[in-house]
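Reading through the structure tokens given below for one structure.
In this note's numbering, the protein residues as written are 50 to 621.
In structure tokens form, the structure reads like this:
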């Protein structure tokens, strides 16, 4: 993404990119799309939701801030963006830029730090390496194209790691850092070929002390990411396949090769605006409903784990320039406030009626259903739940032409069945509990940068059939005298784990210097990693991720055995 296509901020370029055209490819204009829809209430086929059929784990929804291009968020705007209560967006993912010089690194720190304090996942993307690492070349008709010098690959990897360490030392543990923003659409920044990315991953990315993301293709061009998936060494050195969706048709959302070869990797959508970036289009209605369908298809068809908008605050974005939530933002909040990190998407009838889109998610005992109705008339929609017993109160929120994420009167689910009237041109979110208690989708307690652990003294997770225990994944990124470790803990049983302690033994010479998403003690030998306040519950099939940075004296072996609450784990 360039600095802006349409915005009036001082110093920004106002060039018209072909992306403005690409974002509308395959999209039917709203007037045409709605003209054929009925004007009277219709009944849809039941939307069946199978709570036992788990799909991807959701990492969250969010957007990007770039203080150097459009100014930083104010303190109040940060609370609106990352808070989860009424009148908030509920964003749980923040993307920031990697500055081209160390003098730029502090520009986005204030927002990133506050986001991290609120438990938000922060990751970073570079547009250009430092100028000293770049050379120009001729690429087609572009005579001043930029690329990373072949002799600077190692230095660039160290630069990315230095940024990671800078942010960590200032209170922001980056979840991941990207190799390059849009390497295949780099008229204004640095070009990379897929072969160059593979080479960098294989030979240089190991020094980076956080998760590595690539390739962030501007249009989810699979020829940019296929070579990574097809190269065992490159794949081992990448953690997240990132993609942008500018002009990507819905038919190209699925990624069979990733499903075949991407086990243990994450799949993120890291930038888009949709369906356009027209000035003041953030409040265009019913056009904003296109955002609802786009998110739905990103979750259901593409099975992305994140949905990240371009500029968080912009006239066409989720937050207007005055800090108020736009219609597009309200549509995003119908997902972001209620489908929280760690929730798992479950099978649901995705399209029970023409222009009705349904997706469902489970987090512990909480079930969230999001329904988008793009019809010009109301639709009577039945939801039926299987895989668990559900009866009781259903909280619900509505966005339509006159309301933004407005709480509605509670409904009642009986024996796993709920029939509702979806208003014309609306998005509704339904939150219930499979044990019938009142759900709490928007907790008032938010984690801080150093949360207090709240383990349950005697939790009893249920092993899966055959006696196998919870599953643990352990990956390392090592350099000369240190490493980072990422640990995933998956509940393979049928009962919720409420409070956990993971015990393992560090090989000789390894000593932990810092940790995130867990409290770990002691720092060497046999250590215990205990949950913090916001990740103590692991639903059946769900996964939590923790990590730490450590020093070593030459021994970079991995722990060989783990126990969770005393139960031996299967090591993935």
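The beta carbon of each residue, even a glycine, is placed where N, CA and C say it ideally should be.
**OP:** Just tell me which of 426, 254, 293 has its CA closest to the CA of residue 344.
**Re:** Here residue 344 refers to the residue found at position 295 of the chain shown. It is 293.
**OP:** Figure out for me which residue from 383, 186, 331, 210 has the closest Cα to the Cα of residue 135.
**Re:** Within the chain shown, the letter at position 86 stands for residue 135. The candidate whose alpha carbon is nearest that of residue 135 is 383.
Original post:
Does the beta-carbon distance from residue 196 to residue 133 come in below 8 Å?
Top reply: Here residue 196 is taken as the residue at index 147 of the chain shown, counted from 1. Here residue 133 is taken as the residue at index 84 of the chain shown, counted from 1. Not closer than 8 Å, so no.
Subject >> Minimum length 4: unbroken alpha helix (DSSP H) runs contained in the stretch 241 to 292 >> reply: 243 to 252, 271 to 278, 281 to 285
Original post:
Pairing CB atoms from the stretch 578 to 588 with CB atoms from the stretch 543 to 553, are three or more of them under 8 Å?
Top reply: yes
Subject >> Rounded Cβ spacing between residue 691 and residue 289 (contact assumed at less than 8 Å) >> reply: Nothing about residue 691 can be reported from this structure: the residues present for the chain run from 50 to 621 only.
Original post:
What are the boundary residues of the alpha helix (DSSP H) that residue 217 is part of?
Top reply: Against the chain shown, residue 217 aligns to sequence position 168. From DSSP, the alpha helix (DSSP H) with residue 217 extends over 202 to 218.
**OP:** Please say whether residue 413 and residue 539 have beta carbons closer to each other than 8 Å?
**Re:** Locating residue 539 in the chain shown gives position 490, counting from the first residue. Locating residue 413 in the chain shown gives position 364, counting from the first residue. Contact flag unset, no.
**OP:** Within its chain, find whatever has a CB closer than 6 Å to the CB of residue 273; leave out the 5 residues flanking it on each side and keep chain order.
**Re:** Position 224 of the chain shown holds residue 273. Excluding residues within five positions, the ones whose Cβ falls inside 6 Å are 233, 243, 264, 266.
**OP:** Count the other C-beta atoms from every protein chain shown that fall within 10 angstroms of the C-beta of residue 259, then say buried if there are 16 or more, exposed otherwise.
**Re:** In the chain shown, residue 259 corresponds to position 210, counting from 1. Buried.
Subject >> residue 146 in three-state terms, based on DSSP >> reply: Within the chain shown, the letter at position 97 stands for residue 146. It is a strand residue.
Subject >> Burial state of residue 157 (16 or more Cβ within 10 Å) >> reply: In the chain shown, the residue the question calls residue 157 occupies position 108. Flag for residue 157 reads buried.
Original post:
Per the contact definition of three or more C-beta pairs closer than 8 Å, is the stretch 115 to 130 in contact with the stretch 153 to 168?
Top reply: yes
Original post:
With 16 as the cutoff for other CB atoms within 10 Å, does residue 559 come out buried or exposed?
Top reply: Position 510 of the chain shown, counting from 1, holds the residue named residue 559. Flag for residue 559 reads buried.
Original post:
With burial defined as no fewer than 16 other Cβ atoms inside 10 Å of the residue's Cβ, what is the status of residue 181: buried or exposed?
Top reply: Along the chain shown, one-based indexing puts residue 181 at 132. Flag for residue 181 reads exposed.
**OP:** Locate the alpha helix (DSSP H) running through residue 356, then write down its first and last residues.
**Re:** Within the chain shown, residue 356 is the residue found at index 307, counting from 1. First-last for residue 356: 355 to 360, but that is the beta strand (DSSP E), not the alpha helix (DSSP H).
Subject >> Contact belief for residue 186 with residue 164 at Cβ below 8 Å, rounded distance in angstroms >> reply: Here the question's residue 186 lines up with position 137 in the chain shown. Here the question's residue 164 lines up with position 115 in the chain shown. That pair is no contact at about 37 Å.
**OP:** Work out the CA separation of residue 209 and residue 176 for me, nearest whole Å.
**Re:** One-based indexing of the chain shown puts residue 176 at position 127. One-based indexing of the chain shown puts residue 209 at position 160. In a straight line, the C-alpha of residue 176 is about 12 Å away from that of residue 209.
**OP:** Just the C-alpha distance for residue 589 and residue 375, rounded to the nearest angstrom, thanks.
**Re:** To locate residue 589, count along the chain shown from 1; it is residue 540. To locate residue 375, count along the chain shown from 1; it is residue 326. Rounded to whole angstroms, residue 589 to residue 375 spans 36 Å at the Cα level.
Subject >> Other residues of its chain near residue 603: CB distance less than 7 Å, five sequence neighbours each side excluded >> reply: On the chain shown, residue 603 is found 554 positions in, with the first residue counted as 1. Same-chain partners within the cutoff: 558.
Subject >> Beta-carbon proximity list for residue 456, same chain, < 6 Å, skipping 5 on both sides >> reply: Position 407 of the chain shown, counting from 1, holds the residue named residue 456. Counting only residues of its own chain and dropping the five nearest sequence neighbours on each side, residue 456 has a CB closer than 6 Å to the CB of 446.
**OP:** Report yes if the C-beta distance between residue 10 and residue 172 is below 8 Å; otherwise report no.
**Re:** The requested residue 10 is not part of the displayed model; the chain covers only 50 to 621.
Subject >> Start and end residues, alpha helix (DSSP H) containing residue 130 >> reply: To locate residue 130, count along the chain shown from 1; it is residue 81. Unbroken alpha helix (DSSP H) run through residue 130: 124 to 131.
Original post:
What residues match up with residue 352 in a beta bridge as DSSP calls it?
Top reply: To locate residue 352, count along the chain shown from 1; it is residue 303. Answer is none; residue 352 lacks a bridge partner.
Original post:
What residues match up with residue 432 in a beta bridge as DSSP calls it?
Top reply: Here residue 432 refers to the residue found at position 383 when the chain shown is read from its first residue. Looking at the DSSP assignment, residue 432 forms a beta bridge with 96, 467.
Subject >> Alpha-carbon to alpha-carbon, residue 451 and residue 342 >> reply: Along the chain shown, one-based indexing puts residue 342 at 293. Along the chain shown, one-based indexing puts residue 451 at 402. It is roughly 19 Å from the alpha-carbon of residue 342 to the alpha-carbon of residue 451.
Subject >> Anticipated Cβ contact below 8 Å, residue 385 with residue 205, distance rounded >> reply: What you label residue 385 is simply residue 336 of the chain shown in a count that begins at 1. What you label residue 205 is simply residue 156 of the chain shown in a count that begins at 1. Wrong, their Cβ atoms sit about 33 Å apart, outside the cutoff.
Original post:
Hey, is the stretch 435 to 443 in contact with the stretch 456 to 470, meaning 3+ C-beta pairs nearer than 8 Å?
Top reply: yes
Original post:
How about residue 596 and residue 554: are their beta carbons less than 8 Å apart?
Top reply: Residue numbering aside, residue 596 sits at position 547 when the chain shown is read from its first letter. Residue numbering aside, residue 554 sits at position 505 when the chain shown is read from its first letter. Taking 8 Å as the Cβ cut-off, residue 596 and residue 554 do not qualify as a contacting pair.
Original post:
Using a Cβ-Cβ distance under 8 Å, would residue 282 count as near chain B?
Top reply: Among the chains in the structure shown there is no chain B, since it carries only a single protein chain.
Original post:
Looking at C-alpha atoms only, which residue of 119, 477, 620, 261 is the closest neighbour of residue 388?
Top reply: Taking the chain shown and counting its residues from 1, one reaches residue 388 at position 339. Of the candidates 119, 477, 620, 261, the one whose C-alpha sits nearest the C-alpha of residue 388 is 477.
**OP:** Determine the extent of the alpha helix (DSSP H) in which residue 381 is found, giving its start and end residues.
**Re:** Taking the first residue of the chain shown as position 1, residue 381 is located at position 332. 376 to 385 is the extent of the alpha helix (DSSP H) around residue 381.
Subject >> Counted within 10 angstroms of its Cβ, other Cβ atoms place residue 371 as buried (16 or more) or exposed >> reply: Here the question's residue 371 lines up with position 322 in the chain shown. So residue 371 counts as exposed.
**OP:** Identify, in the order they occur along the chain, each residue of the same chain with its Cβ nearer than 6 Å to the Cβ of residue 609, setting aside the five sequence neighbours on each side.
**Re:** The residue given as residue 609 occupies position 560 in the chain shown. Here the set comprises nothing.
Original post:
From which residue to which residue does the alpha helix (DSSP H) around residue 310 run?
Top reply: Taking the chain shown and counting its residues from 1, the one referred to as residue 310 is at position 261. Here the alpha helix (DSSP H) through residue 310 covers 305 to 310.
**OP:** Quick one: grab the DSSP three-state call for residue 484.
**Re:** Counting from 1 along the chain shown, the entry for residue 484 is found at position 435. Looking at residue 484 - three-state DSSP - the assignment turns out to be coil, as it is neither helix nor strand.
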